[in-house]
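K.L.:
Numbering (my numbering), first residue to last: 77 to 563.
Here it is, the structure in full.
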Ligand code: BES
Ligand code: MN
Ligand code: ZN
């Protein structure tokens, strides 16, 4: 059952909370006596509680029994996301939680902290329970967030709930096995989301994909018993749009590698290979409410990458939507093949900018680790905007170059391009260079989210499995959208 999160004014804080209600209260580092009067300092000392970020202690205070929550000396608003997660986890055996945690903050800091806190409260208790006979779930049915700030605070709570709900959608999609979340099932889910959010949607089935000449998508799909789909979603602003942005997401519902088959362990996480498409869908679900003034179009190519009897052979040549021919020398470099078509379609619609998201390469994880996305570009101004939005969103992204000398490694003897580079190094960059061939001179930023799209061991507000990474960055970027400067 979803937890109801409401906002209480400070005055509404229950003086004597009902049984089963845990009251969580912020304690700043170095202010134990001020923030929790009556706290036995010797006990706090013994428990090692100093008010550092995310330290928790249940203790008696003058106000009664409290969950004391360390918030550090001068916490930045983003740390309330992990604070919220820790508090919600600690309160999971309670009926209700009162979260009185942002009282020491003011203005924009407080609003940002409330939004992050609410996200943390929701994301911290996320469990993927679909396939469990007895899903472990929180007992909490109500969370009261205590904060000053009237309508602004209330709006921050609402935004926090909306964004976290979209991230939960992404997590659920990423965690659903490839045998169940087929391209067709993904498209059905996209249709549901579009209807609910008020987005236009167009779904191409296999015949329509053939007609549209999406040769990359068809080539990757060739070894599968599951039909591909191509989903296009559009948000059209009511007045004159402030600009138009295309979002493209890799939707490989399971990546076995094709004939260039992966190893058994290499396949373990490959149900998550549609995280780019899921992230774009999650962000799109928020656009009408949170970024209404910009026209946003999503392009989602959906297929799995299997080894059926007529699978694409190594050496086969595919013709992408824009006419470029591609010699497939490794069928496991399939993300770029379906993105080639999707990027071509995006370019035809002449957007001001294209952002693509993909679990594109293992190499980016080698380069940046599991928590950081790689950011490339053909337009430094757009790249900087994306990096700034990521920073504001508390999502780790880092720039990678597109070195020109690697481009010739993509030259093919028989076609216009080959789908892998010449040597063993710089795999994330060759993938970026390959995609660049399909965007023309439209400002473009590809995000390789192969690392952070899923979490291999839980940390902060992230449970093992799908993370919902980059939803916040995209929404922040779109909400603040304005005309790009010339490159
Ligand atoms: N989906 C994978 C990339 C990936 C690997 C994502 C590990 C998450 C974790 C992608 O389709 C792939 O297989 N890429 C190959 C490219 C290579 C064949 C040029 C890779 O990274 O090994
Ligand atoms: Mn692959
Ligand atoms: Zn893949």
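Just so you know, even glycine gets a beta-carbon here, dropped at the ideal spot from N, CA and C.
Rounded to a whole number of angstroms, what is the C-alpha to C-alpha distance between residue 507 and residue 226?
P.N.:
Roughly 48 Å separates the two Cα atoms.
K.L.:
Can you list, in chain order, the stretches of the beta strand (DSSP E) that have 3 or more residues and sit fully within the segment 356-402?
P.N.:
Whole beta strand (DSSP E) segments, 3+ residues: 371-381 and 393-395.
K.L.:
Please name the residue in 367, 128, 296 and 144 whose C-alpha comes closest to that of residue 113.
P.N.:
Closest option to residue 113, Cα to Cα, is 144.
K.L.:
Do the segment 231-241 and the segment 263-282 meet, that is, are 3 or more Cβ pairs less than 8 Å apart?
P.N.:
The segment 231-241 vs the segment 263-282: no contact.
K.L.:
For residue 116, is the classification buried or exposed, using 16 other Cβ atoms within 10 angstroms of its Cβ as the cut-off for buried?
P.N.:
When all chains shown are included, residue 116 counts as exposed.
K.L.:
Return the chain-ordered list of same chain residues with a C-beta closer than 6 Å to the C-beta of residue 466, the five sequence neighbours on each side being excluded.
P.N.:
Closer than 6 Å at Cβ, skipping near neighbours: 473 and 549.
K.L.:
Can we say the segment 120-131 touches the segment 97-110, given the rule of at least three CB pairs closer than 8 Å?
P.N.:
Verdict: yes, contact present.
K.L.:
For ligand 2, is there any heavy atom lying closer than 6 Å to the beta carbon of residue 537?
P.N.:
For ligand 2, not one heavy atom lies less than 6 Å from the Cβ of residue 537.
K.L.:
Counting beta carbon pairs with one atom in the segment 521-537 and one in the segment 284-299, are three or more of them shorter than 8 Å?
P.N.:
These segments do not touch.
K.L.:
Give every residue of the same chain whose Cβ lies closer than 7 Å to the Cβ of residue 515, excluding the five residues on either side of it in the sequence, and list them in chain order.
P.N.:
419, 423, 430 and 454, listed in sequence order.
K.L.:
Any idea what DSSP makes of residue 170, helix, strand or coil?
P.N.:
In this structure, residue 170 counts as coil in the three-state DSSP scheme.
K.L.:
If you draw a straight line from the alpha carbon of residue 163 to that of residue 363, how long is it in whole angstroms?
P.N.:
Their backbone Cα atoms lie some 29 Å apart in a straight line.
K.L.:
How about residue 464: is its Cβ closer than 6 Å to a heavy atom in ligand 2?
P.N.:
Not so, every heavy atom of ligand 2 lies at least 6 Å from the Cβ.
K.L.:
Thinking C-alpha only, which one of 263, 158 and 95 is nearest residue 305?
P.N.:
The residue with the shortest Cα to Cα distance from residue 305 is 263.
K.L.:
So, residue 428 versus residue 320, is the Cβ gap smaller than 7 Å?
P.N.:
Yes, the Cβ-Cβ distance between residue 428 and residue 320 is below 7 Å.
K.L.:
Run through the segment 280-352 for me and flag every whole beta strand (DSSP E) of 3 or more residues, listed as ranges in chain order.
P.N.:
Segments of the beta strand (DSSP E) lying fully in the segment 280-352: 305-311, 320-325 and 327-331.
K.L.:
Quick one: residues in its chain with C-beta nearer than 7 Å to the C-beta of residue 554, no 5 flanking neighbours on either side, listed in chain order?
P.N.:
Excluding sequence neighbours, residue 554 sits near 321, 363, 367, 370 and 372.
K.L.:
Quick check: does the Cβ of residue 411 come within less than 6 Å of any heavy atom belonging to ligand 1?
P.N.:
Within the cutoff, so yes.
K.L.:
Does the segment 444-452 come within contact of the segment 321-340, defined as at least 3 CB pairs closer than 8 Å?
P.N.:
These segments do not touch.
K.L.:
My output table needs one value for residue 559: the three-state DSSP class, helix, strand or coil.
P.N.:
In the structure shown, residue 559 sits in coil (DSSP, three-state: anything other than H, G, I, E or B).
K.L.:
Just how far apart, CA to CA, sit residue 395 and residue 361?
P.N.:
Residue 395 and residue 361: Cα-Cα distance of roughly 32 Å.
K.L.:
Let me know if residue 403 comes out buried or exposed under the rule of 16 or more other beta-carbons within 10 Å of its beta-carbon.
P.N.:
Label assigned to residue 403: buried.
K.L.:
Whole angstroms are fine: how far does the CA of residue 485 sit from the CA of residue 409?
P.N.:
Straight-line Cα distance between these residues: approximately 15 Å.
K.L.:
Cβ of residue 551 versus every heavy atom of ligand 3: is any distance shorter than 6 Å?
P.N.:
No, ligand 3 has no heavy atom inside 6 Å of this Cβ.
K.L.:
Taking the DSSP output, what are the residues bridged to residue 481?
P.N.:
According to DSSP, residue 481 bridges with nothing at all.
K.L.:
Just the C-alpha distance for residue 77 and residue 223, rounded to the nearest angstrom, thanks.
P.N.:
Only weak support exists for where residue 77 lies, its pLDDT of 49 falling under 50; the value from the coordinates is given anyway. Taking the straight line joining both Cα atoms gives about 25 Å.
K.L.:
What's the gap between the Cα of residue 476 and the Cα of residue 527?
P.N.:
Roughly 14 Å separates the two Cα atoms.
K.L.:
May I ask you to list the residues that DSSP assigns as paired with residue 131?
P.N.:
According to DSSP, which records beta bridges pairwise, residue 131 is partnered with nothing at all.
K.L.:
Assign residue 558 to buried or exposed, taking buried as 16 or more other Cβ atoms, counted over all protein chains shown, within 10 Å of its Cβ.
P.N.:
That one is exposed.
K.L.:
Between residue 249 and residue 182, what straight-line distance do the alpha-carbon atoms span, to the nearest angstrom?
P.N.:
Each residue's Cα considered, the two are about 37 Å apart.
K.L.:
Whose CA, out of 155, 441, 265 and 522, lies closest to the CA of residue 358?
P.N.:
The shortest Cα separation from residue 358 among 155, 441, 265 and 522 belongs to 265.
K.L.:
Taking the C-alpha atoms as reference points, what is the distance between residue 542 and residue 323?
P.N.:
Their backbone Cα atoms lie some 20 Å apart in a straight line.
K.L.:
Taking the C-alpha atoms as reference points, what is the distance between residue 84 and residue 352?
P.N.:
Going from the Cα of residue 84 to the Cα of residue 352 covers about 37 Å.
K.L.:
Hey, how far is the Cα of residue 111 from the Cα of residue 214?
P.N.:
For residue 111 and residue 214, the distance between alpha carbons rounds to 28 Å.
K.L.:
Is residue 496 near ligand 1, with its Cβ less than 6 Å from a heavy atom?
P.N.:
Result yes, Cβ under 6 Å from ligand 1.
K.L.:
Consider the C-beta atom of residue 432 and the heavy atoms of ligand 2; say whether any pair is separated by less than 6 Å.
P.N.:
No, the Cβ of residue 432 stays beyond 6 Å of every heavy atom of ligand 2.
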